[in-house]
Amino acid sequence: MSLEDSPSRKAFRWHIPVFLAPAVIIYTLVMILPLIGTLQLSLFRTVDGVSHFAGLDNFRTLFGDPRWASSFWNALRNNCWFFLIHMVVQNPIGVVLAALLSHPKLRFAAFYRTAIFIPTVLSFVIVGFVWKLILSPLWGVAPSMLDLIGLKSWFTPLLGKEAYALTTLGLVSVWQFVGIPMMLIYAALLSIPDEVIEAAEMDGITGIAQFWKIKLPLILPSIGIISILTFVGNFNAFDLIYSAQGALAGPNYATDILGTFLYRTFFGFQLQLGDPNMGATIASMMFFIILAGVCVYLFAIQTRLRRYQF
């Protein structure tokens, strides 16, 4: 009898579906069925309390009606900028912090890791409210601190100006979540075999050169995963904008992203009546955008990063 036909191996293969069944059932109930329901809801339209099948009419309205289209493209542009801030600022800082914290001679590394990671576990409501208080021109801490060093004239209400509000909230989000890429890259750096580092040192590659030539190519798959997680997380963002700027994402919709646009459309806000069908249409577009980004990463980027794995 071959090893592949042994009873123990057959029993192991039989137990795999049993072990996976609870996770598959929970994932289906929590993720798959709501997704199908959202896609289905986007294909209907309610008129006088009666739901009618509308096909792609809701999508035509979203892109063809000037009022809907302008709001959608504004939210999408803001979402792309919000994501770009995290990619350009958060992830490189996370890589640098991980490289510094992984240095064997650094003292109090555990304390630094904890201090940087603590904002990640804070509530969005707390973060948004606290930073709104800090940056407030009336009772905020920032004007007083600038006044102490004679730079109060430099202060500007960052959250009250259309040109700065979204960038400011993006940097606040970077401050809160920079600990996640830092910890993931830190774990990737620690997983590099000591033999590789020792071989590099024997060849005279040390310090910054060792990081650029040896460590960075080896952690590129981890950086790729962090990038796609950043993409998915930012195109699902909602909490920080809502807690800091409200559902209208002021000033003048300058901080409006797809999440807040979806919220106002689906549930309604102030004088705007809720429209679940159009809300589901926006949610479906968010799903398609995220799906397209993930597919590009999986089929165009990840396959090129495999050669760096060990």
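Number 117 in UniProt numbering belongs to position 117 of the sequence shown; there are no gaps in the numbering. Glycine included, every Cβ here is placed at the ideal spot set by N, Cα and C.
Item, Value
"Can you tell which of Val196, Pro276, Gly268 has its C-alpha closest to the C-alpha of Val47?", "Pro276"
"From this set, Ala98, Leu138, Ile205, which residue's C-alpha is nearest Ile219's C-alpha?", "Ala98"
"Please report the Cβ distance between Ser222 and Leu190, rounded to the nearest whole angstrom; I am assuming they are in contact, meaning their Cβ atoms lie under 8 Å.", "No, Ser222 and Leu190 are not in contact; Cβ-Cβ is about 11 Å, not under 8 Å."
"Jot down the residue ranges of each uninterrupted alpha helix (DSSP H) in the segment 208–257, minimum 4 residues, whole runs only, in chain order.", "216–235, 239–245"
"Measuring CB atoms only, is the segment 138–151 touching the segment 106–120, in the sense that at least three cross pairs come out at less than 8 Å?", "no"
"Do Leu240 and Phe124 have their CB atoms nearer than 8 Å?", "yes"
"Is Phe238 closer than 8 Å to Thr260 when the C-beta atoms are compared?", "yes"
"In the DSSP output, what is Phe19 paired with across the bridge?", "Per DSSP, none; premise fails for Phe19."
"Say yes only if the C-beta of Tyr297 is nearer than 7 Å to one or more non-hydrogen atoms of the ligand NAD, and no if none qualify.", "Although the ligand NAD was asked about, the structure shown includes no ligands whatsoever."
"Check the DSSP bridge columns for Thr281 and list the partner residues they point to.", "BP columns for Thr281 are empty, so no partner."
"Go to Arg45, then tell me how far its beta strand (DSSP E) extends in each direction, as first and last residue.", "44–47"
"Just verifying my parser: in three-state terms, what is the DSSP assignment at Met87?", "helix"
"Lys152 to Gln272, Cα distance in whole Å?", "40 Å"
"Within this structure, are the beta carbons of Ile134 and Gly128 separated by less than 8 Å?", "no"
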